[in-house]
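Chains as they are written, first to last, in my numbering: chain A, 1485 to 1692; chain B, 304 to 481. Since the structure comes first, as structure tokens, the remarks are kept for the end.
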């Protein structure tokens, strides 16, 4: 199911806009929270046991994160036994700063890929977002992996490493992020990969 | 299967650092498959020392060290690209990379990418080191540019450019989607 575009922020509504900035700021700072959010956004509706199973994180952590995300207003809980969690895709575009689920996915990859966590440790999450854009240029066939180093001002070996590590965020985002072309105007549909891989994550059986 | 391998101990086999970075460190299934295909072919991969520091930057020093200990890779002081055909190959590859992007020119091209085209030709012509050269890369854009350079100079039969994915298949556990 394609997620429903919901919010474009900051809108004229200052209060809602600032709240959404704060929400996105929280996700950028918390990779595990971002991981739960992006999973539900892309593959939901999902039950909490399904999230636990798919992401291999403790049940209490899943419940805590879902509660936080619900309080932030970016997921909704529906139904009764099982309760399904649905996420609204967020998008922030202001003065050239773009955050969409693809960026949050890159942030979430810190939890599962040590090259990404090492990169953020050294360069911060802002540079990671910039690396997502540069990696897109590589996979769209415009620049080599090494050419990512110069605009990011990082060593070439680190550039190669982060371009390779960001592949899941780009491949899945291309399929599931409704705002993918906001990050990659003009090149979104040129992005492709050397090998095919299945970006559809199966929802685990909802029995827990 | 061996006769189908694009690798041969008869060739000089140059490998770009991105191949090691992509294959990862010992302990992963992808590294195991890469190591196996190289060792079965009886090949020693040559890593030009000018790109060696990228190995550490890319976090795969353990992989290169192990490969060196086991004798299937070594760092070499590759020859200077000086033969006119070799510098031409390098220039063609550089222009081919620059032409991929409307807002980049040749000066924006990182030197280490086209240098593999130059090195391949230099090995072929210099010192009679090899009749055949293979270049392995994990960068599709660099691979295409080197191919253009090699074919426009008529060396297609003597220099082959392959990617890591010509050597191993990707398996599901190579990456975690989220």
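All residues carry an ideal CB built from backbone N, CA and C; glycine is no exception. Nothing here was measured: the structure is a model prediction, and the numbers come from that model.
At 9 Å on the CB atoms, spell out the chain B contacts of residue 1681 of chain A, in chain order. Counted from its first residue, the first chain places residue 1681 of chain A at position 197. 473, 475, 477, 478, 480, listed in chain order.
Along chain B, in chain order, which residues have C-beta atoms closer than 9 Å to that of residue 1578 of chain A? Here residue 1578 of chain A corresponds to residue number 94 of the first chain, with the count starting at 1. Chain B residues near residue 1578 of chain A: none, gap ~24 Å exceeds 9 Å.
From what residue to what residue does the alpha helix (DSSP H) around residue 1571 of chain A run? Indexing the first chain from 1 puts residue 1571 of chain A at position 87. Residue 1571 of chain A: not part of any alpha helix (DSSP H); member of the beta strand (DSSP E) spanning 1568 to 1571, first to last residue.
For residue 1662 of chain A, which of helix, strand or coil comes out of DSSP? What you label residue 1662 of chain A is simply residue 178 of the first chain in a count that begins at 1. In the three-state DSSP reduction, residue 1662 of chain A falls in the coil class, being neither helix nor strand.
Residue range of the alpha helix (DSSP H) that residue 1585 of chain A falls in? Locating residue 1585 of chain A in the first chain gives position 101, counting from the first residue. Start and end: 1585 to 1592.
Within 8 Å of any Cβ in chain A, is that where the Cβ of residue 422 of chain B sits? Reading the second chain from its first residue, position 119 is the one you call residue 422 of chain B. No, because no Cβ of chain A sits closer than 8 Å to the Cβ of residue 422 of chain B.
Residues that DSSP places opposite residue 315 of chain B in a beta bridge: By one-based count along the second chain, residue 315 of chain B stands at place 12. According to DSSP, residue 315 of chain B bridges with B:436.
Would you mind sorting residue 352 of chain B into buried or exposed? The rule is 16 or more other CB atoms within 10 Å of its CB. Start at 1 with the first residue of the second chain, and residue 352 of chain B comes out as number 49. That one is exposed.
In three-state DSSP terms, what is residue 1533 of chain A? What you label residue 1533 of chain A is simply residue 49 of the first chain in a count that begins at 1. Three-state result, residue 1533 of chain A: helix.
Closest Cβ-Cβ distance between residue 375 of chain B and chain A: below 8 Å? Position 72 of the second chain, counted from the first residue, corresponds to residue 375 of chain B. With 8 Å as the cut-off, residue 375 of chain B does not count as an interface residue toward chain A.
Beta carbon proximity, residue 455 of chain B to chain A, threshold 8 Å: Here the question's residue 455 of chain B lines up with position 152 in the second chain. Answer no: the Cβ-Cβ gap between residue 455 of chain B and chain A never drops below 8 Å.
Assuming residue 474 of chain B contacts residue 308 of chain B (C-beta within less than 8 Å), just tell me the rounded distance between them. By 1-based counting over the second chain, the position of residue 474 of chain B is 171. By 1-based counting over the second chain, the position of residue 308 of chain B is 5. Contact annotation, residue 474 of chain B with residue 308 of chain B: C-beta distance approximately 19 Å; criterion of less than 8 Å not satisfied.
C-beta contact flag for residue 322 of chain B and residue 439 of chain B at 8 Å: As a first step, residue 322 of chain B is located in the second chain; it is residue number 19 there, counting from the start. As a first step, residue 439 of chain B is located in the second chain; it is residue number 136 there, counting from the start. Contact: yes.
Given residue 310 of chain B, which residues of its chain have a CB within under 6 Å of its CB, disregarding the five upstream and five downstream residues? Locating residue 310 of chain B in the second chain gives position 7, where the first residue counts as 1. Excluding residues within five positions, the ones whose Cβ falls inside 6 Å are 344, 346.
To the nearest angstrom, report how far apart residue 1684 of chain A and residue 1673 of chain A are at their CA atoms. Here residue 1684 of chain A is taken as the residue at index 200 of the first chain, counted from 1. Here residue 1673 of chain A is taken as the residue at index 189 of the first chain, counted from 1. The alpha-carbon atoms of residue 1684 of chain A and residue 1673 of chain A are separated by roughly 18 Å.
Provide the residue span of the beta strand (DSSP E) that contains residue 1560 of chain A, from first to last. To locate residue 1560 of chain A, count along the first chain from 1; it is residue 76. For residue 1560 of chain A, the enclosing beta strand (DSSP E) stretches over residues 1559 to 1562.
Under 8 Å, Cβ to Cβ, is there at least one residue of chain B near residue 1494 of chain A? For the purposes of this step, residue 1494 of chain A is taken as the residue at position 10 of the first chain. For residue 1494 of chain A, the predicted structure reports a pLDDT of 49, less than 50, and the residue's modelled location is therefore unreliable. The matter cannot be settled from this model.
For chain A, find out if any of its Cβ atoms is closer than 8 Å to the Cβ of residue 362 of chain B; answer yes or no. One-based indexing of the second chain puts residue 362 of chain B at position 59. Any Cβ of chain A closer than 8 Å to the Cβ of residue 362 of chain B would place that residue at the interface, and such an atom is present.
Start and end of the beta strand (DSSP E) containing residue 348 of chain B? For the purposes of this step, residue 348 of chain B is taken as the residue at position 45 of the second chain. Where residue 348 of chain B is concerned, the enclosing beta strand (DSSP E) stretches over 348 to 351.
Local Cβ density within 10 Å of residue 1637 of chain A, reported as buried at 16 or more and exposed below that: In the first chain, counting from the first residue as 1, residue 1637 of chain A sits at position 153. Residue 1637 of chain A should be labelled exposed.
Please name the residue in B:452, B:478, B:447, B:420 whose C-alpha comes closest to that of residue 316 of chain B. Start at 1 with the first residue of the second chain, and residue 316 of chain B comes out as number 13. Cα-wise, what sits closest to residue 316 of chain B is B:420.
Whole-angstrom distance between residue 1544 of chain A and residue 1626 of chain A, CA atom to CA atom: On the first chain, position 142 is the one that residue 1626 of chain A refers to. On the first chain, position 60 is the one that residue 1544 of chain A refers to. Distance between the alpha carbons of residue 1626 of chain A and residue 1544 of chain A is about 44 Å.
Cβ shell of residue 1692 of chain A (< 6 Å), same chain only, five flanking positions each side left out: Locating residue 1692 of chain A in the first chain gives position 208, counting from the first residue. Note on residue 1692 of chain A: pLDDT 43, under 50, position unreliable in the model; the coordinate value appears next. Excluding positions up to five away in sequence, the list reads 1533.
Which residues in the same chain have their Cβ closer than 6 Å to the Cβ of residue 354 of chain B, if we skip the five residues on either side of it in sequence? One-based indexing of the second chain puts residue 354 of chain B at position 51. Contacts found: 320, 415.
To the nearest angstrom, how far is it from the Cα of residue 1669 of chain A to the Cα of residue 1504 of chain A? Taking the first residue of the first chain as position 1, residue 1669 of chain A is located at position 185. Taking the first residue of the first chain as position 1, residue 1504 of chain A is located at position 20. Answer to the nearest angstrom: the Cα atoms are 23 Å apart.
Nearest by alpha-carbon distance to residue 404 of chain B: which of A:1623, A:1582, A:1594 is it? Here residue 404 of chain B corresponds to residue number 101 of the second chain, with the count starting at 1. When only C-alpha atoms are compared, the closest one is A:1623.
For residue 467 of chain B and residue 441 of chain B, which I take to be in contact (beta-carbon distance under 8 Å), what is that distance rounded to the nearest angstrom? Within the second chain, residue 467 of chain B is the residue found at index 164, counting from 1. Within the second chain, residue 441 of chain B is the residue found at index 138, counting from 1. With a Cβ gap of about 5 Å, residue 467 of chain B and residue 441 of chain B count as contacting.
Going by beta-carbon coordinates alone, are residue 1620 of chain A and residue 1667 of chain A separated by less than 8 Å? Locating residue 1620 of chain A in the first chain gives position 136, where the first residue counts as 1. Locating residue 1667 of chain A in the first chain gives position 183, where the first residue counts as 1. Contact flag set, yes.
Between residue 390 of chain B and the rest of its own chain, which residues show a CB-CB distance below 8 Å, the 5 nearest in sequence each way excluded? The residue given as residue 390 of chain B occupies position 87 in the second chain. So the list reads 384, 421, once near-sequence residues are dropped.
Looking at the C-beta of residue 404 of chain B, does it have a partner C-beta in chain A at a distance below 8 Å? If you number the second chain from 1, residue 404 of chain B lands on position 101. The beta-carbon of residue 404 of chain B is placed less than 8 Å from the nearest beta-carbon of chain A.
Residues that residue 463 of chain B bridges to, as DSSP identifies them: As a position in the second chain, residue 463 of chain B is number 160, starting the count at 1. B:437, per the DSSP bridge assignment.
For residue 377 of chain B and residue 342 of chain B, what's the separation of their Cα atoms in angstroms? Locating residue 377 of chain B in the second chain gives position 74, where the first residue counts as 1. Locating residue 342 of chain B in the second chain gives position 39, where the first residue counts as 1. Residue 377 of chain B and residue 342 of chain B: Cα-Cα distance of roughly 13 Å.
If I follow the unbroken alpha helix (DSSP H) through residue 400 of chain B, where does it start and stop? The residue given as residue 400 of chain B occupies position 97 in the second chain. Residues 387 to 401.
Limits of the unbroken beta strand (DSSP E) element including residue 379 of chain B: On the second chain, residue 379 of chain B is found 76 positions in, with the first residue counted as 1. That run of the beta strand (DSSP E) goes 376 to 379.
Interface flag, residue 325 of chain B vs chain A, CB-CB below 8 Å: Residue mapping note: residue 325 of chain B aligns to position 22 of the second chain, counting from 1. True, the Cβ-Cβ gap to chain A drops below 8 Å.
Quick one: residues in its chain with C-beta nearer than 6 Å to the C-beta of residue 1485 of chain A, no 5 flanking neighbours on either side, listed in chain order? In the first chain, counting from the first residue as 1, residue 1485 of chain A sits at position 1. The predicted model places residue 1485 of chain A with a pLDDT of 46, which falls under 50 and marks its position as unreliable, so this point remains unresolved.
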